[in-house]
Amino acid sequence: MILNRHFGDVATSVTDMTYDPQKHHRRSVRLRNYDYSFPGAYYVTICVNHRKCLLGIVINDEVILNGAGKMVEYWWNEIARKFPLVDLDEHIVMPNHIHGIIKIVDRRHREKELFHQGKSRDQISEALIHLPARCEALSEIIKWFKTMTTNAYINGVKEQQWQHFNRHFWQMRYYEHVIKGLKEFLEIRRYMRLNPKRWSLNRKK
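The sequence shown lines up with residues 345 to 549 when you count with my numbering.
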């Protein structure tokens, strides 16, 4: 059985880094017959087409986003506004890709949140009216993100002389992974945080 649950705020100290990006990034580990609208935590990586560095640079182990990179980060943060049953955990925009953790929740989770915020029963009922019965599938969320960022990038090419891309802004496929436990959740968080340093080390080889 796959353990896929909603992870809240957790400690971020990890001593062993067992997450293997080389193994996990060869292809998307899509689970057969798995419902990707099911509540849980999902790790995604989306790469710029041909891995062109269109989003910024890394200097002294720090990512410096350009206008396009800031645009991508803006639309990533808008995912939770567009999809009310989505919470966003950590993410990082790199020069040619973005990593992020998307948490899909259900109506019951939102109801509990409102209750703990001290909302009245009427306020909770009103808020729940505007929620969908269930969240869209992860693929639909990523499709929306790609569409928004591609359109915005095209406008940047026209109006701000951003670098042209060939046919597609993003690679057609993206990496997705169902996070199966707290240990893996923390490892992926740490992997993302170390990405800029790893980027610099790889460029020095």
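No residue lacks a Cβ here, since even glycine has one placed at the ideal position from N, Cα and C.
The DSSP-derived three-state label of Trp506 is coil. Between Gln505 and the set Leu458, Lys490, Tyr497, the nearest pair of CA atoms involves Tyr497.
Assignment of beta-bridge partners to Lys447 by DSSP yields Ala385, Asp431. Sixteen is the threshold: when 16 or more other Cβ atoms of the shown chains lie within 10 Å of the Cβ of Ile485, as they do, the residue is buried. In this structure the region 439-446 touches the region 385-397; the number of beta carbon pairs closer than 8 Å is three or more. Look at Gly411 here: in three-state DSSP terms it is helix. The alpha carbon of Glu480 has as its nearest neighbour, out of Ile423, Lys456, Val416, the alpha carbon of Ile423. Here the region 486-495 makes no contact with the region 460-467; the two share fewer than three CB pairs at distances below 8 Å. Burial is judged here by how many other beta carbons sit within 10 angstroms of a residue's own beta carbon; Asn539 has at least 16 and is buried.
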